[in-house]
Every structure is written in structure tokens, then in C-alpha cells.
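J.:
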Amino acid sequence: MAVRAQTPELQAMAAFVARSLALVSGAPAAKAADGVDAADTTAQLALDASLASAEHYHLQISPQQVRLSGGGVPGVFYALQTLLQLLPPDVALRGLPAQGACTLACASISDGPALGWRGMHLDCARHFFPRDFILRYIDLLALHKLNRFHWHLSDDQGWRFPSRRFPRLTEVGAWRERTVDGHTSNPGRSYREQPHGGYYSEDDIRAVVAYAAERQITVIPELDIPGHAAALLAAYPEYACGPRADGAPYQVEAHFGIFPDVLCPKEPTFAFLEQLLAEVVALFPGDYVHIGGDEVVKTAWAGCPHCQQLIREHGLGDENGLHGYFVARVAGILEKLGKKVLGWDEVMDGGVSGDTTIMCWNSNAGERALAAGYPVVMCPVDRVYFDFYQSTSLDEPAAIHGLTPLRAVYDYSPAALAAGATAGQLLGAQGNIWSEYLATPEAVCYTALPRLSALAESLWRGEGRQWADFCRRLPALTRRLRALGYTVADSHYKALLTPDTRRDGTLRVQLAGGVPGVRCRYTLDGAAPDAANASASGTASPTWLEIDRECVLRACGETPEGAPCGDERLHVVPHLALHRPVYYWRDEGLQQAPELALLTNGWRGNERIFHYHEWVVFDAERVDIVLDLERVRRVRRLRFNLEAGAHRQLARPAAVEVLASAADQKWQALARLDAAALDASGAVDIDLGHCALRYLRLRLHNSRRYYSPETRQRQRMPLYLDELVLT
Ligand code: ACM
Ligand code: ZN
1 MAVRAQTPEL QAMAAFVARS LALVSGAPAA KAADGVDAAD TTAQLALDAS LASAEHYHLQ
61 ISPQQVRLSG GGVPGVFYAL QTLLQLLPPD VALRGLPAQG ACTLACASIS DGPALGWRGM
121 HLDCARHFFP RDFILRYIDL LALHKLNRFH WHLSDDQGWR FPSRRFPRLT EVGAWRERTV
181 DGHTSNPGRS YREQPHGGYY SEDDIRAVVA YAAERQITVI PELDIPGHAA ALLAAYPEYA
241 CGPRADGAPY QVEAHFGIFP DVLCPKEPTF AFLEQLLAEV VALFPGDYVH IGGDEVVKTA
301 WAGCPHCQQL IREHGLGDEN GLHGYFVARV AGILEKLGKK VLGWDEVMDG GVSGDTTIMC
361 WNSNAGERAL AAGYPVVMCP VDRVYFDFYQ STSLDEPAAI HGLTPLRAVY DYSPAALAAG
421 ATAGQLLGAQ GNIWSEYLAT PEAVCYTALP RLSALAESLW RGEGRQWADF CRRLPALTRR
481 LRALGYTVAD SHYKALLTPD TRRDGTLRVQ LAGGVPGVRC RYTLDGAAPD AANASASGTA
541 SPTWLEIDRE CVLRACGETP EGAPCGDERL HVVPHLALHR PVYYWRDEGL QQAPELALLT
601 NGWRGNERIF HYHEWVVFDA ERVDIVLDLE RVRRVRRLRF NLEAGAHRQL ARPAAVEVLA
661 SAADQKWQAL ARLDAAALDA SGAVDIDLGH CALRYLRLRL HNSRRYYSPE TRQRQRMPLY
721 LDELVLT
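Residue numbers (this note's numbering): 1 to 727.
Structure follows, in C-alpha cells:
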């Protein structure tokens, strides 16, 4: 197919379009529907000033001509992406099938994005991903008409930006000796004992920037300062306030979390940053540089005479003001270099200047930043952090924590925030992928897809989108992505068991897939649901299962190809204490604690994935709670659990005491478990004889200390507790 550009600005895009079309139509000449030879068809590229923005496009397919018009060059590029999406899913990779032509229907499509900033982030510090994968990741963004790639290039676990002036940043900072295996907060830590690391060369960066630019994507580099600086300080400890508090040398971190290693706001640090940022700016032509600014632990500043002197001298008030001072100094450097500054929302707390663009990840940060007048990019942690679990199914690979199913992403509407903001203040949104638990490109793709697709549709289509319509197109999109070589999760086709424990003491469980129309199979006896004796649900609407006895439900869903998928489990327990109130025991009395209602809601969390909303978490030396049966009853057995689900190990209390009383709250000891008994199993099962009681009291002694890699001290760890099952 001949490609013609109508204006000189479109010459480069014409070459790109010609290459893209050659990839898919290179083989035998395609025939258009009416017999016109594809070789005779032309693709015309044009600019059309009547379109609403540079990113809007009009795609016209007729027998003789494919016309790609854009308000600007990006619009023409998006017209091409739509054209490619109209081809059968596997054509884009393999070219046309040998046996013949593929036919495109005549069409006229006008379209444009709802939001201007449509981005994806990738953390290449926690794990390093080679240049080839970065290019494939950019292809993925381009396919979804995203236009910003936020490249997280430094963190405690590795420095990835090449500096000529400061070579130790990569010689030392790019490598760690080992990496924690399993969840970083597990008390019994183990390690992958191989060095991990790498960094991008200047050539890599130029190649990535050029490749992205060709696809209308701006690359935004992030060097995270002044916190998340362990790798930097391992290379140049002179930019810290002083030696590490524990006396060890600064090291590239082998663990994940938030560490106290922080840059000291002294003149040599700013001189270093000025030279380093000049190197960054030389390689990244985009208008923004991201300077991080999140999760700054300020204890080193609190103990540093220079920092304290600065706070007094500049009237900064405290270390938060010093954070603001730090960010303002760095922003000044970047502004002199002609760049705009982006920072995570914590930079607002130090009163950073109104020109700074705030990337909002914490809850309510978007509202606060907009009210304060900042330009805003949204990436709320509970909606678009794609390192969270995609389903509650036990076969999900380990993730950091949290749960963000596909639907939650699709339903996220950043534009809803903009109502009260000044026009143009809300730039858009992006998804973030932190790679603590993503060691390979395949793992990144699994966690990204198809959540990235859902976000892209929200950002592009805005309020016009429809979940059912997206789900209908999902199988074809998945086939296309897989044909292009990407790993795509099936999590949304897994079964989801959602308990509903009613006030009258009856229990029911909703069974449904993560998208409409998934056929689910289930068992009520703990057997694998692909067994012959599994029952199947319908697909038209969710199925409700009435439960009248303790059971372990297991369920799986089904992919569009008919393969069973998922291992969803739910242990439901009707019991005597269902919905009975649980209080804290304080000052010899009961203290209201609505958050403890999770302990008597009729289902156990320990057979689920690690998801922090499902457990009651106690971060205290002593936990003293009382369950009130509201009348005297005879009880035989108490069970509870100190586990937090798959992929997570927990610390155990040093002892647990169980006490009981009648209505008079005169306590009588029933049982005491020591550390050895608790270590042997996190599942506690106590025979209470045939005891009459109204109140049951649990005292957990959390006096054990574990080494915390984040504080680098031995400290108490939180206790997790689930269902108090009384029978
Ligand atoms: C962040 O997630 N710490 C920005
Ligand atoms: Zn200092």
C-alpha cells in the first residue's frame, strides 16, 4: 500500500505508517472487498485543523483509500493504531495468513481522548529490565494510545541512570548482592543469593526516548530524592547527614520498604544534584523531570546539626519545612535547566511552589492538590497501582498487598475530580507498576494486562465507556496482546466468592466471575472444583449459595476458551458469636471498637491471599479484647487464626491468655498458650469444656522482637487475627 503525506510535518509519520502496514500486509497482496488490489490502495495522511485537538483523529476507509487525518501528528498516529486494531488479532504479529487476503470493512471513525495525560509508570529500580523490554513496554503504551512513560530510574534497591560525572552511581549503586525472597516483612526472611542489577547506557536512553517519540510518547525520567536514596548513598555517602545510624556502611538495599537513608540538604549535595540533573536533562528532551519526594524518613535530619541550623536560619519550622526547602532548591535547578518539575504528593506537605506538578497517589491527595491550585496527575494507590493483586484467588502470584480487580480500574474516573478545579488543572492520570515482586518482563506484563487496557479506555473515552462493552471486546484484545507476545492475566475470569453474613445469623455467599457471563464451578467440601462432582453456576447472573454449616467453598471460573481458571477459597463458619460485638478491654471496662466486627463476621481470612483489609491488625505490645455473647451461653470450643493468608508469614505473639466471665465481668482464666504452642501452628483450637459464659476475653502478649530491615532495629511486629469462632 502506498503511503502519502499531505504536508511535510507528516513525512516521518508517513514512513512509520508505511513500516507498520508493511509488517501486516507484507506477504501476499491483500484484496479489498470489491476486488481493488491492495497495491492500488493508498493511505493518505493529513492534518485537519477542524479537529478538536492535536490528538483527535478521523479515520476513513474506502475501497480506494485509507485516510488518516489528525488534528496534529499524534492524531494521525492514533488513526493508525485504530486501523491496526481493525485487523484480526493475530495479523499484527504474523502478517497476513498465507492463504490470502484480509478484508477491512469501509468505515468512518472520528475520535479523541478525554484526558491529555495518559500514562504508565514502570519501576526499573527494584528490578532492572533490559532495554528490549522497555521498548516492548512502549509498544504496549502506543497500542493503547497512551502518551506518557514515567521511567522510575532510582530507588533504594538500585540506580539505573548513567552519569559520566558520578560513575560510582552505576559502578556501585546499580548492583545489590542479594534480594529478599518472599514478602519483605516476613519474620523468617530468606534471600535469593545472586547479585542483581544493571543500568541503562546513554545509548539505551537515547534509543528509548527516540522510540517513544516516534510513537507520540514523552518519557519522564524520575530520580527519587531526597528519600529512597540508599543506592545513591552507597555510591556517594558524603551526601548523607552522616554515617548510618546502625554504624553499617550505606548499601544498595536487598529488602523492600521505606528506609531512613536520606540526602542531607547541604551545599555539596545541591552542587552534586545540579551536575547530575544537567546530565539527565541532556538525555531527556521532554518538558518534565520527576524528582520523587515520597516517603521521606526525616530522622537523620532531626539529628543533624546542619539540618537543624538550616531550619532555624530559614524559619522552616521543622523537618517538613526542610523537605519543602529541599524540593524548592531542586525545582530551582530544573527550572534553570528549562524543565517543569513533577513530584509525588508528599512534596505538598513542605509547601512546594505552585508551579510543581503533583502526582497524587495517597488518598485525598488529588482533592488537596487541586484545592491548593497545583497541576495534578492522578495515580491513586487503591485504583491504579498495578502491583496489587488482581483477584483473591490463591493461585495469584505473590504481590505486595492490596486488591485491585479489573473492574475497579475500569470504573476509575479521574475526570470526576476535575469538577471543582480550574480548567486544565487536572492533567490526567497514569497507572503505576512497582517491581518489588516483579522480577521478570513476563511478571510485569501479567500484572499490567489487562488492567492497563482498562485504564487506557477510561482515560481515552471518559464517561462514554461501558463496562459490559469492554468485557465483550476483552477476549479479542487478549488474543491480540498474546499474539504480540505479551503475557496477559486471566484473573478476571476467575470465580469470586463474596460472603454476606446476615443479621439473622444465616450466611450466604455470592459466586460470580470477575466479568459478566463467566461459568463458575464450585464445591462445598474443600475438594478441587475441577473434580467431576463440582456444581456449575449459570452465567446470566451471580449465583447465591445458602450456607448452613461450616464449610470450605472452592470455586474456579473459565476462560473464553473454556479452560478452568483460578483457585478461589472461602472458609465460612456459622458459629455462636456471629455478629456479636467485640470490644477493647481498657481501664477495667469495655471500649467500643467497630473495627473489630471483622472478628465475628462468619468467615476466615487465612485461606485467602494476603490482603490487608480482611484481617484485624494490632500494632501494640498488649492486645486485650472482649467478645460479648450478649447473654450467658454454654460453649465448647474456641478457634482463631494468626495467619494472614497466602504469600505472607507473620510474627506470633509470645503468649495468648483466654479468660471468661458471666455477666459480672469477674474474670476466670480458661487457657494459656505459650510461644512454643503458638509457633507450632498459627491456627489455635482450644477445648473449653462445656463452659457457661457471656464474655470471652483474649489477651495477646506481643512482646517478641524481630529485626526490621526498614528501621534496622529489632522491633515489635503487628499481629494479625481473624475470626473468633465459638462453638
Ligand atoms: C509511592 O508509591 N511511594 C509513590
Ligand atoms: Zn543533614
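Where a beta carbon is used, it is the ideal one built from N, C-alpha and C, also for glycine.
Mind checking whether the beta-carbon of W344 lies closer than 7 Å to any heavy atom of the ligand ACM?
T.: It does: the Cβ of W344 is within 7 Å (strictly closer) of some heavy atom of the ligand ACM.
J.: Below 8 Å between beta carbons: does that hold for A646 and H701?
T.: The answer is no: Cβ separation not under 8 Å.
J.: I need the straight-line Cα distance from V735 to A489, nearest angstrom please.
T.: The chain is shown only over 1 to 727; residue 735 falls outside these bounds and no answer can be derived.
J.: Which residues in the same chain as F16 place their Cβ atom closer than 7 Å to its Cβ, once the five residues preceding and following it in sequence are excluded?
T.: Contacts found: E214.
J.: Among A300, L23, P88, which has the Cα closest to the Cα of P475?
T.: Comparing Cα positions, the closest option is P88.
J.: Quick one: residues in its chain with C-beta nearer than 7 Å to the C-beta of K339, no 5 flanking neighbours on either side, listed in chain order?
T.: Result list for K339: V281, D287, Y288, V289, in chain order.
J.: Tell me the residue span of the beta strand (DSSP E) that contains E546.
T.: Counting along the chain, the beta strand (DSSP E) containing E546 begins and ends at 543 to 547.
J.: What whole-angstrom Cβ distance do I220 and F149 have, given they're in contact under 8 Å?
T.: The pair is a contact, with the Cβ atoms about 7 Å apart (cut-off 8 Å).
J.: For L122, list the residues DSSP reports as bridge partners.
T.: According to DSSP, L122 bridges with W151.
J.: Provide the residue span of the alpha helix (DSSP H) that contains K336, from first to last.
T.: Note, K336: alpha helix (DSSP H), 319 to 336.
J.: What would DSSP say about Q308, mapped onto helix, strand or coil?
T.: Helix.
J.: Does the beta-carbon distance from A22 to A14 come in below 8 Å?
T.: The answer is no: Cβ separation not under 8 Å.
J.: Report yes if the C-beta of H306 is less than 7 Å from at least one heavy atom of the ligand ZN; otherwise report no.
T.: Within the cutoff, so yes.
J.: Closer than 8 Å is the cut-off here; do at least three beta carbon pairs connect the segment 536 to 543 with the segment 461 to 469?
T.: The answer is no - the segment 461 to 469 does not touch the segment 536 to 543, with fewer than three Cβ pairs under 8 Å.
J.: Going by DSSP in three states, Q715 sits in which element: helix, strand or coil?
T.: Strand, per DSSP.
J.: By a C-beta neighbour count over all protein chains shown, 10 Å radius and 16 as the cutoff for buried, is A33 buried or exposed?
T.: Note that A33 has pLDDT 42, beneath the 50 cutoff, so the model's placement of it is unreliable and the number below is only indicative. So A33 counts as exposed.
J.: Please report the distance separating the alpha-carbon of P8 from that of S391.
T.: About 49 Å.
J.: Thinking C-alpha only, which one of V573, E558, S201, H575 is nearest D567?
T.: Of V573, E558, S201, H575, the residue nearest in Cα terms is E558.
J.: Relative to the C-alpha of L10, which residue among G70, E193, L511 is closest?
T.: Here the closest residue by C-alpha is G70.
J.: From this set, R503, E171, H196, A534, which residue's C-alpha is nearest D181's C-alpha?
T.: Ranking R503, E171, H196, A534 by Cα distance to D181 puts H196 first.
J.: Along the beta strand (DSSP E) that carries Q65, what are the first and last residues, could you check?
T.: Taken as a continuous stretch (DSSP letters only), the beta strand (DSSP E) holding Q65 covers 65 to 70.
J.: Taking L659 as the reference, which of Q157, A676, L638, L169 has the closest Cα?
T.: Checked all of Q157, A676, L638, L169; the closest Cα to L659 is L638.
J.: Per DSSP, V172 is paired with what?
T.: DSSP lists no partner for V172.
J.: How many Å lie between T711 and H255 at the Cα?
T.: In a straight line, the C-alpha of T711 is about 11 Å away from that of H255.
J.: Taking 7 Å as the cut-off, does the CB of D294 come closer than this to any heavy atom belonging to the ligand ACM?
T.: Answer for D294: yes, Cβ within range of the ligand ACM.
J.: Regarding C520 and the ligand ZN, is the C-beta to nearest heavy atom distance less than 7 Å?
T.: No.
J.: Excluding five sequence neighbours on each side, which residues of the same chain lie with their C-beta closer than 6 Å to the C-beta of T487?
T.: Around T487: E442, C445, Y446.
J.: Secondary structure at D345, three-state DSSP: helix, strand or coil?
T.: Helix at D345.
J.: Indicate, with yes or no, if the ligand ACM has a heavy atom lying under 7 Å from the CB of W361.
T.: Yes, since a heavy atom of the ligand ACM falls inside the 7 Å radius drawn around the Cβ of W361.
J.: Identify whether P187 lies in helix, strand or coil by the three-state DSSP scheme.
T.: Here P187 sits in coil by DSSP.
J.: Using the Cα positions of L277 and L334, report the straight-line distance between them to the nearest angstrom.
T.: Distance between the alpha carbons of L277 and L334 is about 7 Å.
J.: What I want to know is whether the C-beta of C264 ends up closer than 7 Å to one or more non-hydrogen atoms of the ligand ZN.
T.: Yes, the ligand ZN has a heavy atom inside 7 Å of this Cβ.
J.: Beta-carbon within less than 6 Å of V725's beta-carbon, same chain only, minus the 5 sequence neighbours each way: which residues are those?
T.: These residues qualify, in order along the chain: V573, H575, R639.
J.: In angstroms with no decimal places, state the Cα-to-Cα distance between P260 and R206.
T.: Looking at the two C-alpha atoms, the distance is approximately 33 Å.
J.: Tell me the DSSP secondary structure of P167 in three-state form.
T.: If DSSP states are grouped into helix, strand and coil, P167 belongs with coil.
J.: Out of F77, Y374, T523, point me to the one whose CA is closest to C551's CA.
T.: For C551, the nearest C-alpha among the options comes from T523.
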